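Note sheet for the following structure.
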Amino acid sequence: MSELRYDPTAARKLIDDATWDALAEPLHAARQETLDDVALMTDGDIPADKQPLDAGFIPYPDQLLNSPELDPMLESAERLRSEIDRLVVLGIGGSYMGLRALFEGLSHPYHNELSRADRGGAPRLYFEGNNLDNDTISGLLELLELRCKDPEQLQQRWGIVVISKSGGTLETAAAFRIFRDALEAYYGADSKRSTNLVVPITGEEGKLRSLSEERGYPDVFSIPDGIGGRYSVFTPVGLYPAAVLGMDVRPVLQGAADMTERFRTAPIGENPVLDYVATCHLLERDRGMNIRVLSTWGNRLEAVGLWYDQLLSESLGKHGRGATPITGVNTRDLHSRGQQHQQGARDKVITNVIVDSPATDAVILPEAPASLDQDQLNRLAGREVPSLLDAAIQGTNKAYADDARPTADLHLPRLDAHTLGQLLQMLMLATVVEGRLIGINPYGQPGVEDYKRNMSEILFG
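Numbering-wise (this note's numbering), the sequence shown opens with residue 54 and increments by one.
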């Protein structure tokens, strides 16, 4: 299996060697602290200045690969996949962003438009419970009502996966009540399908756990203690619905485990986690470049960028500090944000996420009759679309380099389960290491609780 590769060569031109070398010792210390946090969390005697401590995500991929818990989860996912043709996933933040990254990265770009056979027997997927948007909730209810008339027909059956550690997040809880009511009305409140086709993923305790026990849902999966929402993509939060959708989650886990081992053992210069942290940190500290642009060269990685937006913002956006993440999709956004990146404020570090080989056969630009060559593209006839994209990447990087605007390239040999597992684990590890490096606890999100508290006071008094 191939390894992803991080190349900060262009960005390093703005960082002198002495500055880079001086960071080695504190960077190694931050790595060691990150790894030591796992044992500290396991021991249970966590000092106040370390709380909260949710380092469980670091060893979890390897642990799950070797755990008896994996097979029952996959068997349940197979059962649900065989019984429904539409899956409604309810969750917000880390309870759905990781799955969305996996789904968009690994599934057919037009998954929901394919026949069940062409989807490999996987259900269509719909996300809700991530907002309080009346029109999208109503629209999905309407779609289900229009398309699902006879519950005896497989292609007219739908189910729910609801994800919430506490069960108390209003957006998801409200959506679950709404869609649970619709599901029970469709199948009959006392029918087996009204319980068998609902799978909660939640904490060991909490409102959703209590509701699940009261309702008698046969399959309920736990979010492990010590793993926060935005770090939970490799738990049942991300993997259970991914498996329902037919994804092979084992290579995803293996990619994450391989990245953890590489992070633990590889030196600076060969360690994508440490090299990424060093590049971004030094450019922010010494040059004020506090905007992190994750430029994904292709549509299928946009959801990874949006997942990273949450990861970085909630982890390091504290105490008046923290870089601001921006997700870009190129070449699309070269026609919008590209102007700002090329000639705007010098406050950005651009990381290009590049897939070296497409997952499908290359599309070839056809030749047109001379009378229809007004676009003058016959000069490029016979060229493959990936070669056009490569020219755009090279041209953009050169334009930024010519104006001393820093870029780094993060190369994925191909977009598959193993490399995507590497990428997500790399970004989570990098976020924690940077937090330890700059003295910010990368776990917890106290600022998010403020709006929740105020909203509850307004609604409940």
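Even for Gly, the Cβ is constructed at its ideal location relative to N, Cα and C.
Everything numeric in this text was worked out from a predicted model, so none of it was measured.
The C-beta of P61 has 16 or more other C-beta atoms within 10 Å across all chains shown, which makes the residue buried.
For F316, the uninterrupted alpha helix (DSSP H) run begins and ends at V302 to T318, by DSSP. Bounds of any beta strand (DSSP E) do not take in G256, whose DSSP letter is neither H nor E. Counting along the chain, T349 sits inside the beta strand (DSSP E) bounded by residues I344 to T349. Bridge pairing for D60: D462 [DSSP]. Rounded to whole angstroms, the Cβ separation of T460 and N405 is 6 Å, and the two are in contact under 8 Å. By a beta-carbon distance limit of 8 Å, P466 contacts D409. Their separation comes to about 5 Å. By the Cβ neighbour-count rule, E224 is buried, with 16 or more other Cβ atoms within 10 Å of its own.
Note on E355: 16 or more other CB atoms within 10 angstroms of its CB, so buried under the neighbour-count rule. Following the DSSP letters along the chain, one finds N249 in no beta strand (DSSP E) but inside the alpha helix (DSSP H) bounded by residues R246 to N249. Pairing V297 with L512 gives a Cβ-Cβ distance that is not under 7 Å. By the Cβ criterion, the segment 210–225 is in contact with the segment 246–256, since at least three pairs of Cβ atoms, one from each stretch, lie closer than 8 Å. Burial check for H164: the Cβ neighbour count within 10 Å reaches 16 or more, so the residue is buried. Residue nearest to K66 within the set A310, A454, G241 and M126 is A454 (criterion: CA-CA distance). Within the DSSP secondary-structure output, E157 pairs in no beta bridge.
Shown here, Y329 sits in a helix according to DSSP, grouped into three states. Secondary structure of I99 (DSSP, three-state): coil. Taken through DSSP and simplified to helix, strand or coil, N450 comes out as helix.
Cα atoms of P304 and G474: separation of roughly 8 Å, rounded to the nearest angstrom.
Judged by DSSP in its simplified three-state form, V501 adopts helix. Here P204 has R210, Y239, Y240 and R246 as same chain residues with Cβ atoms under 8 Å from its own Cβ, once five neighbours each way along the sequence are excluded. Closest by C-alpha distance to G147, out of V330, Q395, L477 and R283, is R283.
Between the alpha carbons of P277 and W350 lies a gap of roughly 34 Å. A residue is called buried once 16 or more other Cβ atoms fall within 10 Å of its Cβ, and M54, having fewer, is exposed.
With respect to the C-alpha of L418, the residue from S424, G435, K371 and Q427 having the closest C-alpha is G435.
Pairing Y179 with A235, the inter-Cα distance amounts to about 15 Å. Annotation for S55: no beta strand (DSSP E) segment contains it, and DSSP assigns it neither H nor E. In its chain, beyond the 5 residues on either side, M300, A470 and L473 have a beta carbon closer than 7 Å to the beta carbon of L159.
Approximately 7 Å separates the beta-carbon atoms of L57 and L463; this is inside 8 Å, confirming the contact. A residue is called buried when at least 16 other Cβ atoms come within 10 angstroms of its Cβ; T87 meets this threshold and is buried. Scanning its chain for C-beta atoms nearer than 8 Å, with the 5 sequence neighbours on each side dropped, one finds around L250 the residues L133, E136, I137, R210, W211, G212, I213, L236 and Y240, in chain order. Within 10 angstroms of the beta-carbon of I280 lie 16 or more other beta-carbons, which makes it buried. Distance from the CA atom of A228 to the CA atom of G221, rounded to whole angstroms, is 12 Å. With fewer than 16 neighbouring CB atoms inside 10 Å of its own CB, T318 falls in the exposed class. Counted as a single uninterrupted DSSP element, the stretch harbouring G212 is not any alpha helix (DSSP H) but the beta strand (DSSP E) occupying residues W211 to S217. In the three-state scheme derived from DSSP, where H, G and I count as helix and E and B as strand, F287 is classed as coil.
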